[in-house]
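With full-length UniProt numbering applied, the sequence shown covers 1 to 558. In this text, a Cβ means the ideal position worked out from N, Cα and C, and glycines have one as well.
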Amino acid sequence: MSIMFGLVVYGRDVAVAAVIIHMAFFYKPITTNVKESTMSMSPDWRRDTKAGYAPKLHIVEIIVGDGPSTFGYNLIGPGFDVGLERARQKYPHIFADDLMTITQIFTAGVYPSCEASAGEVIPNLFTLLPKNTAFDKKLNEFTIVLSPDCTTDILPMADFAREVDIPLIASTSAVPLTAPGRFPTLLPWSSSPLANGINAMIKLVQLYSWTELNLLCDDNPMMNPTIEVTRGLVMSFIRAKAPTVNLAVFYFDSSSAAASDNSFRRALAEARKHSTINVVASFPSVIQSLLGNAVSLSMTTGEYVFVLIPLSPYEQAKDVNWFASGSFGKVTPDLSSILPYVFALDFEDINWDRVSVELEEMQRISLERYNWTVTLEQQHSNQRLAAYESVLVIAEILNDLWSGLSNISAESFVQAFFNKEFHLPSRTMKISSAGLRVCDVEVKQFRVANQSLETVLVFEQNGLRLMSVNRSTILWPGVYAFPTNSRPLCRDLLGVRICERRDYNLTISLAVSLCLFGVVLSLTVAIILHRINANPKWWLLLSSDLQDSSMIHAPWVP
């Protein structure tokens, strides 16, 4: 039996999915015009072991593009490579060089999106197809496809994998991929699922009974489609899970440094008219400037709350922890005045020190094999680490099922991961009963006094609930007590902006005056209508003689 891993990074074109699966079934090493590294395969592909027949591995890596995306392309490849090397060291009877073939195809080039890279991926995939594509049933191949690509590609791949009975392990996760019964051979293993961060935000809104909500979205083209996907998920989740929450979306553009401050202020000024709760969808490098402009708008009294959705490709808590060295900025006195009112959502902490050697290897491999220099800020990539961890976990299950793997179905292989915990060097990887990677979300609050971020709440993925942690409390030094009211005191009243607390009495007086004026006007109209509807009778004197008179009907005195 032959086992093949397709480690693929490619575009969103749906045709790619069918080509990859086709390639997995019919692949034979051939010479191509791209970088390729292939180990020799022994002609005797079946080997006797103590437990019986042992399969032989055939691993295919297809990496297309030099970036600049931080979520895919060649940035993921080094994670797979180092993971396979560690698996070879731990389980040589499975991953030894004479028992495994690795074919790597890499095409250089800059592709700003999955769609742009699709034009290069598809021809390369077709070059792998042999001329004779007749499937040899005698081989009884057991194929495993491992793909770190976009959700739109995984959907057709997962449908195809179900029909041909092969397991597909994806390093992405989205709501459509979790449809019950549709994808029995799929394991969606995103280490930072966006849906979890949004669910945690909604639970936070519901916990404190906030009924108005602002979503501040970055309109920078370089951040799409991430921001647009986030906006769509927030809107759909609010409609489905919190329909009583009044959501308003406001945009700012961080692409131009010269104009960004005006864009920040305009979005914040409009948003604060609607709600005091501000959910920010942007990358950590932008957030400090946004908060600085919020300070200039006097949003530091404790009335306004800021919630940061985890969109960092690395660790958001480290990226926004400006107290620590190596972060995106420094903490000024003005910034310190607003940080206590900011909640940063992030996934569990990663012990990067435990994988420091592996990170150095990934950095070296990235330059040598993929011609990509990993910068200091890119070294702690959550996605690359997840690719490395996926290979380690697969190696564990392969070792457990090795003797009977030839008789196991793809669905049974996938189910072997359910409800398992894998204690990896960097963190513990948990798989749920549905095959999802369990990724709880931590709600962190800035502590200016000790210059740190402290976890105050945790969103549990399995229970979909928000829990307190170690009796940690939310510290709120502002004028307004926490939780603040989501409906702002600052309102536009007859074209006049009433914002300051000292104008509160003026606001009340003006409102009372308007009410009294309305009451008087209503009474006047009611009296007039009553006189009209009463239809009274009047005597009309036609002359000075009282006998010369006549009765007429009229609403008014004639």
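Residue i, DSSP secondary structure in three states
| i | result |
| --- | --- |
| Ala344 | strand |
| His380 | coil |
| Met467 | strand |
| Phe482 | coil |
| Leu457 | strand |
| Leu7 | Reliability fails at Leu7, whose pLDDT of 48 lies under 50, so the model's placement of it is uncertain and the value that follows must be treated cautiously. Leu7: strand per DSSP, three-state reduction. |
| Cys439 | coil |
| Ser263 | helix |
| Gln451 | coil |
| Leu516 | helix |
| Phe283 | coil |
| Phe80 | helix |
| Ile102 | strand |
| Ala386 | helix |
| Leu392 | helix |
| Thr373 | coil |
| Thr524 | helix |
| Ile474 | coil |
| Asn278 | strand |
| Leu75 | helix |
| Leu57 | strand |
| Thr38 | Because Thr38 carries a pLDDT of 40, less than 50, the predicted location of this residue cannot be relied on, and no value is offered for it. |
| Ile350 | coil |
| Trp45 | The predicted position of Trp45 is uncertain, since its pLDDT is 33 and thus under 50; a value taken from the coordinates is nonetheless stated next. Three-state DSSP puts Trp45 in coil, outside helix and strand. |
Of the residues the options, the one placed nearest residue i, counting alpha carbons only
| i | options | result |
| --- | --- | --- |
| Ile408 | Thr185, Thr473, Ser275 | Thr185 |
| Arg231 | Asp218, Pro243, Phe160 | Asp218 |
| residue 559 | Ala248, Ile528, Trp372 | The chain is shown from 1 up to 558; residue 559 falls before or after that span and cannot be answered. |
| Arg162 | Val414, Arg239, Leu213 | Val414 |
| Leu297 | Leu268, Leu311, Val305 | Leu268 |
| Leu464 | Arg88, Ile202, His380, Arg182 | Ile202 |
| residue 564 | Pro188, Asp349, Ser282 | Residue 564 lies beyond the range of the chain shown here (1 to 558); nothing can be said about it. |
| Arg86 | Glu389, Ile474, Phe459, Phe417 | Glu389 |
| Lys318 | Asn382, Ser356, Glu303, Ile338 | Asn382 |
| Ala344 | Met157, Ser282, Asp97 | Ser282 |
| Leu401 | Phe417, Gln316, Gln363 | Phe417 |
| Phe173 | Leu359, Ile431, Leu392, Lys444 | Note that residue 173 is Ser in the sequence shown, not Phe. For the residues Leu359, Ile431, Leu392, Lys444, the minimum Cα distance to Ser173 belongs to Ile431. |
| Ser486 | Val205, Trp322, Leu168 | Val205 |
| Ala195 | Leu177, Phe422, Ser336, Tyr208 | Leu177 |
| Ala449 | Ala481, Ser337, Ser406, Asn399 | Ser337 |
| Glu348 | Thr143, Leu84, Pro167, Pro193 | Pro193 |
Unbroken beta strand (DSSP E) run spanning residue i, endpoints
| i | result |
| --- | --- |
| Met235 | Per DSSP, Met235 belongs to no beta strand (DSSP E); it is in the alpha helix (DSSP H), 226–241. |
| Lys430 | 428–430 |
| Phe413 | Not the beta strand (DSSP E): Phe413 falls in the alpha helix (DSSP H), residues 410–415. |
| Phe95 | Per DSSP, Phe95 belongs to no beta strand (DSSP E); it is in the alpha helix (DSSP H), 92–95. |
| Leu247 | 246–252 |
| Phe418 | First-last for Phe418: undefined, no H or E at that position. |
Per-residue burial, residue i [other beta carbons within 10 Å of its own, 16 or more giving buried]
| i | result |
| --- | --- |
| Met467 | exposed |
| Cys439 | buried |
| Arg437 | buried |
| Thr332 | exposed |
| Asp353 | exposed |
| Val81 | For the sequence presented, residue 81 should be read as Asp rather than Val. So Asp81 ends up on the buried side. |
| His58 | buried |
| Leu516 | exposed |
| Ala200 | buried |
| Phe380 | Reading the sequence as shown, one finds His at residue 380 and not Phe. With 16 or more other Cβ atoms within 10 Å, it is buried. |
| Ile528 | exposed |
| Lys90 | exposed |
| Thr428 | exposed |
| Ser356 | exposed |
| His423 | exposed |
| Glu228 | exposed |
| Asp346 | buried |
| Pro180 | exposed |
Delimiting residues of the alpha helix (DSSP H) encompassing residue i
| i | result |
| --- | --- |
| Val357 | 356–370 |
Any non-hydrogen atom of the ligand SAH closer than 8 Å to residue i Cβ
| i | result |
| --- | --- |
| Met157 | The ligand SAH is not among the ligands present in this structure, which contains no ligands whatsoever. |
Query raised in the report: Which ranges does the beta strand (DSSP E) cover as unbroken runs of at least 3 residues, wholly within the stretch 293–340, from first to last along the chain?
Result: 305–308
Report task. Can you check the stretch 146–223 for any beta strand (DSSP E) of at least 3 residues that lies completely inside it and give the ranges in chain order? Result -> 168–170, 186–188, 212–218
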